[in-house]
Every structure is written in structure tokens, then in C-alpha cells.
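The sequence shown begins at 1 in full-length UniProt numbering and counts up one residue at a time.
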Amino acid sequence: MDKNQLLSKLWEQYAEITPSAKKIHTLLEEKGETIQNDHIAIRTFNDKRVNINVLEKIFLSVGYEARGEYVFESKKLFAKHYEHTTDKDAPRIFISELELEKCSESLQNTVKKLLDDCDPNEFTNPELALNSTFWKSNSQAIYKSLLEESEYAAWMYIYGFRANHFTISVNALKHFEKLEELNSFLEESGWKLNASGGKIKGTPEQFLEQSSTLADLYTITFDEGSVEIPSCYYEFALRYAMPDGNLYQGFVASSADKIFESTDVKLQK
């Protein structure tokens, strides 16, 4: 699988459970925009069978390399971002993992059993980052128990290995110079934005501003019945030039912390 095939598969999986992304994509194209992806985010657990070091392999194999590391203390997350070595227009890849040892014993045991019950061959699949959920458990009770402690863990239980969000590069848009302008356009078109920490996360002084829609609601059929669960969201990023004249390429942990909450059930109310 080459880079373009990998990125296309990630988009297909993402768009399947995030119909708003296709609609926003179309809305902007009808305005004459050409969409360029700033970054794609993926979630996982730091269990050695599925941690960042495992998920990154497929991206390294198609020309990406690790560039930055980030810590999210309140959410017990660690993350790395990757940039392509030769294609400057390729989206960055952002992979985060839940630090299980910092979670309750109950959550640790739930995730361990989830993975212990899987076919071990699933963990050596080179396309693990595209493999969605391959565990046997499908319990709403387990989902709710994870949700009480970690929305991130609960999301992983439902949606697994796939793109959690794609991100439109505002720098590449022709009709929107400021993120405020794009946000207003989206809201006027009927989309709800994540207002946690403000609709715009970050500042020009931090060289990065970000906003995002709230995650779509997607129907999940549990053993106990069907329920709508927040799936994925669309993000928008505006990067600023640093003193050396180059655009900032990394991420701001305090901003990303709030962007994570776009999938939070509480924000849907």
C-alpha cells in the first residue's frame, strides 16, 4: 500500500461514519475551494500490542517520520506527530495513546481483557491503523463503564483503529483568511462547533489556531440494543509564520486537549 492508498482508505472509513465531513467538503468546494488536509488523527491505547510504536509502522513505511511529542496530563494521553519526508503537501499524522497505567485498575482490566480476547494475529496486521474494532465484546454496559472514567477509552471501544478526525488547512483556502470567517460561514450553514475552551483554540502568538465541529451521532448496535454515539468530527487549522518565516508545523497541547472533547457526549446536549 502506498501513501495515497493509505490516506484514501483512512478518509473512506472516516467519512462512512462522519457524513457531515462530506457535506462540509462539498459546501466548500461549491464555493470554489480546493480542500487540503492539514492533519489526520488516530487514537489508541499504550498497551504494547497496539501502542503508538505499533500503529506508526505503516506511516513510517510510506515516508513519514516522527517530529513532535505531546503530553495531555488531565486526559492521561501521550501523542506524537509525523510529517512526510518528501511530500510537503501530505497531511501530518497525529497519533495519541491512553496511558493505561494512570487509569483505574477497573479500566486497565477492561482494556486488557478486551485485547487478550482478540486473535493475536490482529496485532501483527500491517494495516492495524485501518482495522476498526476487531474485539469480540459489544456491550453497552462496558461502554458506559469506560465512559464514566474516560471518554477517550469509551470512543476507542466503539470505533477502534481509524481516523478520529481529518483537518482542513485554512491556509489553503482562498475565501477565508481568518478562522473566525470560516467558523461564521459554517455556523450560518447550520453546523455546530465545539465551544469547549472557546470556539477557537490557540492564538497567533502560539502560531496555530484550531476549531472543530461537534462529532456526528452514529447508531451503534450493542447486544443490549441500538444507541447513538458521537463518532468523528471535522477540524479546521490555521497556521502562522514563525520568526524565521516558516509556517509552524507542530501542535499546541493545550488547544488539542480541548479539540479532543469534540467527541464528548456531554457537548452534544
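Where a beta carbon is used, it is the ideal one built from N, C-alpha and C, also for glycine.
If you're wondering where the values come from, they're calculated on a predicted model, not measured in any experiment.
Rounded straight-line distance, which links the Cα of residue j to that of residue i
i	j	result
PHE72	THR44	14 Å
ASP27	ASP116	Checking the sequence, you will find Leu at residue 27 rather than Asp. Their backbone Cα atoms lie some 44 Å apart in a straight line.
ASN109	PHE134	18 Å
HIS81	ALA163	14 Å
LEU114	VAL50	12 Å
LEU208	ALA153	27 Å
GLU69	HIS84	16 Å
PRO204	GLU188	24 Å
PRO19	TRP11	11 Å
GLU29	GLN13	21 Å
PHE222	ALA15	22 Å
MET1	ILE95	19 Å
For residue i: DSSP bridge partner residues
i	result
PRO230	LEU217
ARG67	DSSP lists no partner for ARG67.
ALA253	DSSP lists no partner for ALA253.
GLU122	Partner(s): none; GLU122 has no beta bridge.
ILE58	Answer is none; ILE58 lacks a bridge partner.
GLY225	PHE222
SER212	GLU235
LEU98	PHE45, LEU77
Beta carbon of residue i nearer than 8 Å to that of residue j
i	j	result
LYS258	LYS192	no
LYS22	LEU130	no
ILE52	ILE93	no
TYR234	SER212	yes
PHE161	LEU107	no
LEU217	GLU224	no
ASN37	SER169	yes
THR263	ALA215	yes
GLU151	VAL265	yes
DSSP three-state assignment for residue i, whether helix, strand or coil
i	result
HIS84	strand
LYS45	Here residue 45 turns out to be Phe, not Lys, going by the sequence shown. PHE45 falls in the strand class under three-state DSSP.
ILE40	strand
HIS165	strand
LYS76	coil
LYS9	helix
SER139	coil
Neighbour flag for residue i against chain B, beta carbons, 8 Å
i	result
TRP135	No chain B appears in the structure shown, which is made up of a single protein chain.
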